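J.:
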Amino acid sequence: MKLVVTTPTGNVGSHVTRILIQAGLRPTLLVRDAGRLAPEIRDRADVVEGDQLRADDVVRATEGADALYWVNPPTGAEDPLAAHAQLGEIAAKAVTDNSIPRVVFQSSVGAELRSGAGEIDGLAATEQALDGTGAAVLHLRCGLFFTNLLLDPVGLQEGVLRVTWPVDLPLPWVDPRDIAEVAAARLLAGDWSGREVQAVHGPEDLTYEQVAATVAEATGRPLRAEQIPDDAMREGLRAVGMTEAQVQALVGMSIGLREGFTPESPRSFTTTTPTTLGAWAYANLRVDRADA
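Residue 0 is where the sequence shown starts when you use numbering that gives the first Met the number 0, and the numbers rise one by one after that.
#1: Let's see if you can read the secondary structure: which residues bound the beta strand (DSSP E) around residue 138?
#2: Is residue 150 buried or exposed, if buried means 16 or more other CB atoms sit within 10 Å of its CB?
#3: What distance in whole Å lies between the Cβ atoms of residue 31 and residue 50, which are believed to be in contact at a cut-off of 8 Å?
#4: Runs of 3 residues minimum, wholly inside the stretch 190-272: which ones carry the beta strand (DSSP E) assignment?
#5: Let me check one thing: in DSSP terms, what residues is residue 68 bridge-paired to?
#6: For residue 172, write down the residues that DSSP places opposite it in a beta bridge.
#7: According to DSSP, is residue 15 helix, strand or coil?
#8: Quick check: residue 175 and residue 144, are their CB atoms within less than 8 Å of each other?
#9: Measure the C-alpha to C-alpha separation of residue 57 and residue 63 and round it to an integer number of angstroms.
#10: Helix, strand or coil: which one does DSSP assign to residue 279?
#11: Looking at C-alpha atoms only, which residue of 158, 94, 140 is the closest neighbour of residue 132?
#12: Do residue 282 and residue 214 count as a contact pair if the criterion is CB distance below 8 Å?
#13: Since residue 70 contacts residue 186 with CB under 8 Å, what's their CB separation in whole angstroms?
#14: CB-CB under 6 Å to residue 122, same chain, minus the five flanking residues each way: which ones, in chain order?
#15: Determine whether the beta carbon atoms of residue 61 and residue 136 lie at a separation below 8 Å.
#16: What is the residue span of the alpha helix (DSSP H) that residue 57 lies within?
#17: Mind reading off the beta-carbon distance from residue 244 to residue 78? Whole number of angstroms is fine, and I expect it under 8 Å.
#18: Please report the straight-line C-alpha distance between residue 270 and residue 181, rounded to a whole angstrom.
#19: Does the Cβ-Cβ distance between residue 80 and residue 126 come in under 8 Å?
#20: Using 8 Å for Cβ pairs, my map puts residue 28 next to residue 87. What's the rounded Cβ distance?
Here it is in structure tokens:
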């Protein structure tokens, strides 16, 4: 069985790769730089160097595939939504040209809105492109990643999480490793068809106030959440060199989901995953107090 994994060095893709190898398979990994893969991974996988933004590379890597795990990678494009649209078209072309029967796509909570949710709209466009291929497609609608907290090391150091979300709004938070387990299970299963949506909501919905309190308890360092105005966030993003389209894509996610939004897939046994934020934070954010 040929299973192709994109972003095999990513927060989720790296775990998908490891699970497939541990399951006894030799996955095909599409990666821009094979040197980023650990030697023990390279030895147990078929590695294809290529760029997901080049259709020929993707078609070449997925030839003969029985299933594809597709992630829209960060591109740094000046217009993130245009990049997502391009990636969706390339993925759909590879699926169609190579008659790939099954695709698992890493999407996001909020993609069901189709518009008005910032960068998530790009994932919605990719969902629609894949739906048009006629292949069996599973869209994983994931909650906020625990690893998003690593994107703000200054805030963690200062003890303040500055967000544009209401700090008392419950949101689904999930460990990327748990997403990988769901993805790998579906890639290994060969008895599903049609279009499906599988939400991956983590163990519980958390407000940013609860996130800050949980991380503070796990790390032994004070942390609080603070909502800032959208314009203040925009100014901060522009100050670090982001384009206007990049700024609007990021800020637009919270604008689109913070008022009146309810996920299409409710929390249930199948959407709930086990790893708690506290356990993840203790393992990934705690600094030995003697070294602090």
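Glycine included, every Cβ here is placed at the ideal spot set by N, Cα and C.
Note that this is a predicted model, so its numbers are computed, not measured.
T.: The relevant details are as follows:
#1: Where residue 138 is concerned, the enclosing beta strand (DSSP E) stretches over 135-141.
#2: Its Cβ having fewer than 16 others within 10 Å, residue 150 is exposed.
#3: Beta-carbon to beta-carbon, residue 50 and residue 31 are separated by about 6 Å, close enough to satisfy the 8 Å threshold.
#4: Taking only runs of at least 3 residues, the beta strand (DSSP E) segments lying wholly in the stretch 190-272 are 194-199, 223-226.
#5: In DSSP, residue 68 forms a bridge with 4, 103.
#6: Paired residue(s): 143.
#7: In this structure, residue 15 counts as helix in the three-state DSSP scheme.
#8: Contact annotation: residue 175 and residue 144 have beta-carbon atoms nearer than 8 Å.
#9: Taken atom to atom, the span from the alpha-carbon of residue 57 to that of residue 63 is near 12 Å.
#10: In the structure shown, residue 279 sits in a helix (DSSP, three-state: H, G or I).
#11: Distance from the Cα of residue 132 is smallest, within the candidate group 158, 94, 140, for 94.
#12: Between residue 214 and residue 282, the CB-CB gap reaches or exceeds 8 Å.
#13: Between residue 186 and residue 70 the Cβ distance is about 13 Å, and since that is not below 8 Å, they are no contact.
#14: Hits under 6 Å: 106, 107, 110.
#15: No Cβ-Cβ contact shorter than 8 Å links residue 61 with residue 136.
#16: First-last of the alpha helix (DSSP H) with residue 57: 54-60.
#17: At roughly 4 Å, the Cβ-Cβ gap stays under 8 Å, so residue 244 and residue 78 are in contact.
#18: In this structure, the alpha-carbon of residue 270 lies about 10 Å from that of residue 181.
#19: Contact: no.
#20: Between residue 28 and residue 87 the beta-carbon gap is near 21 Å, outside 8 Å, which marks them as no contact.
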